[in-house]
Every structure is written in structure tokens, then in C-alpha cells.
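So the protein lines, in turn, are chains S and C. At position 123 of the first sequence the residue is numbered 123 (the working numbering), and the sequence of numbers has no breaks. The working numbering runs 226 ahead of the 1-based position in the second sequence. Note that beta-carbon positions come from the ideal geometry of N, C-alpha and C, so glycine has one too.
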Amino acid sequence: MTLIMVVDDDQDLAEMLGIVLNGSGFEVDLVNSGDQVMAIFNSHEPDLVLLDVMLPGISGIEVCKLIREKSMVPIVMLTAKGDSYDVVKGLEAGADDYMIKPFNLAELVARIKVRLRRSNVESSTTLRICDIVIDQVAHTIIRNGKTIPLTRLEFDLLVALAKEPGRVFTRDALLSEVWGYQHAADTRLVNVHVQRLRAKVEEDVDNPQVVLTVRGVGYKAGTSQT
Amino acid sequence: MKWLGVKWRSSILFRVISTTFLLSIVLISLVGSILFIQISNGIYREKTNESLSEAQSLYEYAQGQLDATLYLPSLKVPAVVAKILHSNDLTLATTPREVVLLGSPLAKKVNDKYNGASDNVDFNSIPDSLRVSVRGLGTAKWIRGEIGFQDGTKRSAIIVGHVIEVPPQSPYELYYVFLLTEQQTIVDFIGRLLLFAGFLLVFMIGGISWYVIRQAINPIKDAAEIAEQLTAGDLNRRMQVTGEDEMTRLAISFNEMALSMQQQISRLENLSRLQQRFVSDVSHELRTPLTTIRMASDVITESKGRMDPAAARSAELLQSQIIRFESLLTDLLEVSRFDASASILELKDVDIKSLVLQSIDQMQVGHTGQIRTYFPESEVVASVDPRRIERVLRNLISNAIDHSEGQAIDITIKDTDIEVAVGVRDYGIGFTERESERLFDRFWRADPSRSRLRGGTGLGLSIALDDAKLHQGTLKAWGAPGKGANFVLTVPKAPGIPIQEEPIAANPNNESSTSFLSFDEDDI
Chain S
1 MTLIMVVDDD QDLAEMLGIV LNGSGFEVDL VNSGDQVMAI FNSHEPDLVL LDVMLPGISG
61 IEVCKLIREK SMVPIVMLTA KGDSYDVVKG LEAGADDYMI KPFNLAELVA RIKVRLRRSN
121 VESSTTLRIC DIVIDQVAHT IIRNGKTIPL TRLEFDLLVA LAKEPGRVFT RDALLSEVWG
181 YQHAADTRLV NVHVQRLRAK VEEDVDNPQV VLTVRGVGYK AGTSQT
Chain C
227 MKWLGVKWRS SILFRVISTT FLLSIVLISL VGSILFIQIS NGIYREKTNE SLSEAQSLYE
287 YAQGQLDATL YLPSLKVPAV VAKILHSNDL TLATTPREVV LLGSPLAKKV NDKYNGASDN
347 VDFNSIPDSL RVSVRGLGTA KWIRGEIGFQ DGTKRSAIIV GHVIEVPPQS PYELYYVFLL
407 TEQQTIVDFI GRLLLFAGFL LVFMIGGISW YVIRQAINPI KDAAEIAEQL TAGDLNRRMQ
467 VTGEDEMTRL AISFNEMALS MQQQISRLEN LSRLQQRFVS DVSHELRTPL TTIRMASDVI
527 TESKGRMDPA AARSAELLQS QIIRFESLLT DLLEVSRFDA SASILELKDV DIKSLVLQSI
587 DQMQVGHTGQ IRTYFPESEV VASVDPRRIE RVLRNLISNA IDHSEGQAID ITIKDTDIEV
647 AVGVRDYGIG FTERESERLF DRFWRADPSR SRLRGGTGLG LSIALDDAKL HQGTLKAWGA
707 PGKGANFVLT VPKAPGIPIQ EEPIAANPNN ESSTSFLSFD EDDI
């Protein structure tokens, strides 16, 4: 059974989320303050975290950072202000996606499922970008024999680029491919996560070789070395 | 001339200096003329006295010589006359003089035997008026006038005349001519000196008044400049306060005024910022409970099948009203963002044609009339914020559908190199002039029963107008009762290049309209 941890100081909303997610076949942990998050997180090891940005005590952004220090679990932020600085902060702290209140049930479940989906099982091929080897079955990337830990989202992002080495992906295309958005969405998601990915896979972040920027269009994979 | 008029009206400095110039020219020339006349008269008077006494003694000597011819046979009249005429050459004269002897008409028969003059003097150039007065009484007469020479030149001179008796018994007029060449030179020199001094004075007075007036005017000019900057929004500008004079008082009270104005403005700004914050905070605070309500309603709606009809219908109403509430909240937030000038354009190169088609697709559900499109053949690419433009278009189309009475709707796109316009025309109920004034007002509805059908929030046109303005474009409306309405959105194709014309006129076919509204940059 998939366990989702819901962190929200609004107890009614948390309970409602619990009911809804239970109904969709998820197990739910409800947490009402940021202070308790890490204790429960450590003992229950949830598969996904729904995290309110505005929390009393430790803020949602802090919580996000604490979780990321320990785990690559998908984190979806809940926010009332879609255009605020907090969103970017949260994404930079490691959140994979965010949802603006009020959201509807179908949308929420869809977002959660995208974040939980196992990457395409049928493709057992090993992909390469530059000197990085991507093992899709083991869900790991290896450079010079060393495994680089990535979140699932970062892994998906890298795989999406690596699968079509020549193609230039627009931000909208990546939003659809990796985040599962059908309509235009916030391109900051792509920008922030490309930066996070680069921080992990590039040898020189200021001179990226793995994820290349195509000015005015989007991103593409760096040429692989054989 | 025109420039002078403008300068006269616009510059105190110019006015004061030109007045000073004119007045000092008048005064100085008056004083100068009086001085000049006095000095030259003085010079001439002295010369006259000198000339008169010299003439008197010469005359007496001449008469004596002539009389002597009667007693001394050795003296002959012609020789004496010649001596008299050329006395200038014979005796060393202190001043240059000429002599003229003319037969006087006093005799019954004019004797002009001895008519003559020294040097080249034209003896006909003795003025008649002098001659008449010389004949009148026996005493000497004089005038200051001009004497002619045989070469045609004329020179200023004092002419003294006497009647002289030439034996035997013929009256002659003897004129001594004292040339004023020397005096003339002095007087001319003094005149030039006075003129020069006058000009110098005029310019010095002008310069001094310019300097003095500038001292008085500069603080005023500073005040005006700083007031302009204050008006332009630079509220921190102040005048410099130095010294203790009237100008300092001006500066101090000016600064006090600026300070109190700044305080007022910042108080109002704070108030309005608080107000905007409040609206934004309220909207955000409403979102969390709304999320719960929304999901609760989702859950209830899902189990609608198991409810009795009244409860099921209630669930439906709950759901639709929550959706409406949500769009209201979204619009309200958008409005508060506009009010706080926090809206940002996210520009993308898009084909306006496909944006319009998408909007039509989304909105035309439920519309029974035709939607006719008049588009250019080629793509119409413009750099716009597609989310906002689509929102404007959806709003205009849904408004047109709501008010079309099931009739056709015409949607037109026209573009130039600089701008692109989309017109949405319906042939429905239209609007009156009074209604048109409130068309873009927030929460205003022409007919409350209509737009509710589609769940309009009443903020649509207001947001559409703000969106158009954010693009530096315009949104114009035309309408007439029973004839329908026409809304035209015009935006520049590239950001920063303002629109120059409107490819589609808001008023279709120049029909006489009851109302024509235009909103652009400067409005509101």
C-alpha cells in the first residue's frame, strides 16, 4: 500500500485530504506541524509527501530541505499563492511539484500518480549522456563507477532528455513529459529542476555538458562519449 | 516677432531687462541731448562774442580808412576796398575769417562797383534775412549760419554785417564771416563722446539690472524647477536654505509644503497598499477553506447516485456554486494584482489566429447562432502573454454569446506590421449610452439575469481592459440598443513598440451609435 504523508496546519483540510486520498486507495499520515514531520517521516518512510508551504513552527521550505537531506521521496507542495517567491524557494529546496489551492480531487490524484509512477518498465536499455550511464531498471545513474543519487523527478528529467539525444525540448514539452501537465504550466518548475539536476550531474555547473541550454528554446542532452 | 512675444510673456528676466533698456535709452538720450545743447551753445556763444567785437573793430577801421580817402588824395577807394577785403591776408588774423562787400539797396541806385569777397567766398550766399536786418538799423547784425564758397561747399560760420559808407556816398554792406570749423570739430567730438558714454551707460544699466534681477529670480526659478520635479513624482526634492532673507523664507515654506505633501502622499499610498494587501490576503486566506469545501463537494458529488433527488440536486448546486466562487476568487486576486501593479507579462511568440480559434472552441458550447470568422490567410504572429490574451478573448466571446440573442457573431482579425486587432461583433441587444459608461466597471452587469447563466464574475471586462493595457494595447467598445455591440482589442505585435493605429474601428460601418467608448493608456 502506498503511504502519503500530508503536512498541513489546517486540520480540516488535512482530514479532508485524508478522506479523499483514502478513497483513491492511498494510506495517509496526517501531520499538523512542521516540528513533528521528521520524527514521523523517519519511522513511517512515506512514498510521497504533500506539504503546505505556510506552516507554523518550521516552515514548509525548511521541512522540504530536512526531508531532502535524508530522502529522494517525491514532495508536492500545497500553496495558496501560486505566483509567490515561496514557490521558487520551495522548488529550490527540493519540492518536485506544487499545487495551488483550491485544487480539485481529480487534479490532485493525477499529480500524485504522476509523481509515483515507475518509469517505463519496458525500456531496459542503458542510456548514456556524456560519461554518465543511466540504468533504467535499477533506477540509478553512474559516473566512473560511482552512483549519483537523484530524486525520481530528476531521474525522469534526465531520462527524457537522454532518450532523444538530438531533440531540443521546449519547457512546455518537458512539463508534459516529466510532470504530466497537459496544459501550459509554470515554466519555473523546469528551470529550477534543471538547475538542481545540473548541481548533481555536472562537473562544472557554470559550464554544463550534460544538460545543455538552447537559448530561446529549451534544453537538450549533451553528446554522449562512446 | 513671435519669439519676442513668447519671451515677453514667459520670462520676467527678459521683461525687466528690456524695459530697463528702453527706459534708460530714453532717459539717457534726453539728458545727453540737453547736455550736448548746453555745451555746444556755450562754445558757440564765446566764439560769437569774440567775433562780434573783432568785427566791430575791423568795421570801424574799415570805415575810417574809407572816410580818410576824402581827405587824403593819396588814398584811392579801390585800393582801400581791396585792403578791406583781403585784410585776412594782410594782418595776422587770430581766427580765420572772410570778408564780403555788397552794394546795399539802400541807395536809390544800387552801386555794385566794389562788390567783392575775400578768397573764394560766394558773396551771393549771404542770407537775405541778414541783409534785410542789417539795412534796418545802423547797428551791427549777426547770425550763425552757413556760408557758401565758389566751389559749391558750404561751411558753418558766424556772419556779422554792417552798413558801410563808400565815398562818394554809396552805401555798402560789409560782412565779416568767421568760420566755425574749429568749434564744429570740438562740438562733434563732444557729441561723439556723449553718444559713446550714453551707450556705455545703457549697457551697464542693462547688465546691472540683469545681475540684480537674476539674484532675485534664481531662487524663484529653483523653486519652479523643484516644484516640477515634485510634480513628476520625485518627492524627495527640496530647496536649499541659506541666509535669512525673503528668499530663504520662500525656500523654508516651500520645503514645508513639499514635506507635508510627501507625508500625505505616502499616507495615502500606505492606505492603498494596505487595502490591496488586505484584498490579496483575504483572497489567499479563503483558499484553504475553499480547498476543503471543494474536495468535500467532490466526494459528495461522487456519491450523488445514492441520494434522493433533492439532495442530489443540492449537491449539484453546491458544486457549481463552489466553482463560481473559485473563479470569483481567482478574478479578485487578478484584480488585486493589477491594482498593486504586480502583474507581469509572460511574452511568447504566438499565432493570434490559433489563440482566437482555441477560445472559440472553448466558449461556443451552447451557442445556437453562427460564429463567423474573418481571418487573414497567413499566420498572425505576435509577442503577447497568451494566457492573458486568451482570457480577454474568452471573455469577449462569452459576452457576445450571452448578449447575442442567438444571432450570429462575427470575429475579425486584422493586422499591420506593428499591431494586431481582434474584433468581436454581435447583433444582439447592444447597450445604451448610460450602460456603456459602466461597462468596464467592476462587478457591474447590464442585465443581471444574463451573464449569470455562464457564471461570469462581473470582473471579466475590467480584467480584460487591464490585460489590454498591460500589453500597451487598447480595448474599445461600441454598442447601440437592438443593433448589438462591438468590442475591439488592439495590441502591439512586439513589446515596447506602441500601437499607432487601429486596424479595426470599434464603430462598425460608422453607424450612428449611441455610445462609443475608448480606453487607452491615459484613461483611468
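Would you identify the three-state DSSP class for residue i, choosing helix, strand or coil?
i                      : result
residue 478 of chain C : helix
residue 601 of chain C : coil
residue 713 of chain C : strand
residue 179 of chain S : helix
residue 218 of chain S : strand
residue 682 of chain C : coil
residue 98 of chain S  : strand
residue 609 of chain C : strand
residue 252 of chain C : helix
residue 146 of chain S : strand
residue 727 of chain C : coil
residue 190 of chain C : No answer is possible for residue 190 of chain C: the residues shown for chain C start at 227 and end at 750.
residue 677 of chain C : Since pLDDT at residue 677 of chain C reaches only 49, below the 50 mark, its modelled position is unreliable, and the value read off the structure follows with that caveat. Note: residue 677 of chain C maps to helix in three-state DSSP.
residue 72 of chain S  : coil
residue 521 of chain C : helix
residue 401 of chain C : strand
residue 691 of chain C : helix
Do residue i and residue j have their CB atoms nearer than 8 Å?
i                      : j                      : result
residue 115 of chain S : residue 86 of chain S  : no
residue 211 of chain C : residue 502 of chain C : Only positions 227 to 750 of chain C appear in this structure, which leaves residue 211 of chain C out of reach.
residue 711 of chain C : residue 701 of chain C : no
residue 28 of chain S  : residue 6 of chain S   : yes
residue 50 of chain S  : residue 30 of chain S  : no
residue 516 of chain C : residue 476 of chain C : no
residue 16 of chain S  : residue 518 of chain C : yes
residue 361 of chain C : residue 332 of chain C : yes
residue 143 of chain S : residue 220 of chain S : no
residue 769 of chain C : residue 581 of chain C : Absent from the model: residue 769 of chain C. The displayed extent of chain C is 227 to 750, so no value can be given.
residue 593 of chain C : residue 627 of chain C : yes
residue 561 of chain C : residue 685 of chain C : yes
residue 707 of chain C : residue 656 of chain C : yes
residue 420 of chain C : residue 261 of chain C : yes
residue 104 of chain S : residue 520 of chain C : yes
residue 311 of chain C : residue 281 of chain C : no
residue 65 of chain S  : residue 39 of chain S  : no
residue 513 of chain C : residue 80 of chain S  : yes
Is the shortest distance between the beta-carbon of residue i and the beta-carbons of chain C less than 8 Å?
i                      : result
residue 102 of chain S : yes
residue 23 of chain S  : yes
residue 5 of chain S   : no
residue 49 of chain S  : no
residue 12 of chain S  : yes
residue 20 of chain S  : yes
residue 184 of chain S : yes
residue 200 of chain S : no
residue 105 of chain S : yes
residue 173 of chain S : no
residue 89 of chain S  : no
residue 80 of chain S  : yes
residue 38 of chain S  : no
residue 77 of chain S  : no
residue 16 of chain S  : yes
At the 8 Å Cβ level, is residue i part of the contact set with chain S, yes or no?
i                      : result
residue 518 of chain C : yes
residue 688 of chain C : no
residue 697 of chain C : no
residue 739 of chain C : Below a pLDDT of 50, predicted positions are generally treated as unreliable, and residue 739 of chain C, at 45, falls in that range; the measurement from the model is reported next regardless. So, not an interface residue.
residue 525 of chain C : yes
residue 521 of chain C : yes
residue 683 of chain C : no
Quick check on this structure: which residue in the options has the alpha carbon closest to the alpha carbon of residue i?
i                      : options                    : result
residue 401 of chain C : C/285, C/250, C/721, C/491 : C/285
residue 389 of chain C : C/414, C/636, C/328        : C/328
residue 108 of chain S : S/180, S/10, S/12          : S/180
Near-chain S residues of the stretch 450 to 480 of chain C (beta-carbon distance less than 7 Å), N- to C-terminal order: none
Short-range partners of chain S found in the stretch 537 to 570 of chain C, where Cβ spacing is below 7 Å: 552
Residues of the stretch 603 to 632 of chain C with Cβ closer than 9 Å to any Cβ of chain S, in chain order: 612, 613
Cβ-based contacts, 7 Å cut-off: residues of the stretch 496 to 517 of chain C near chain S: 510, 513, 514, 516, 517
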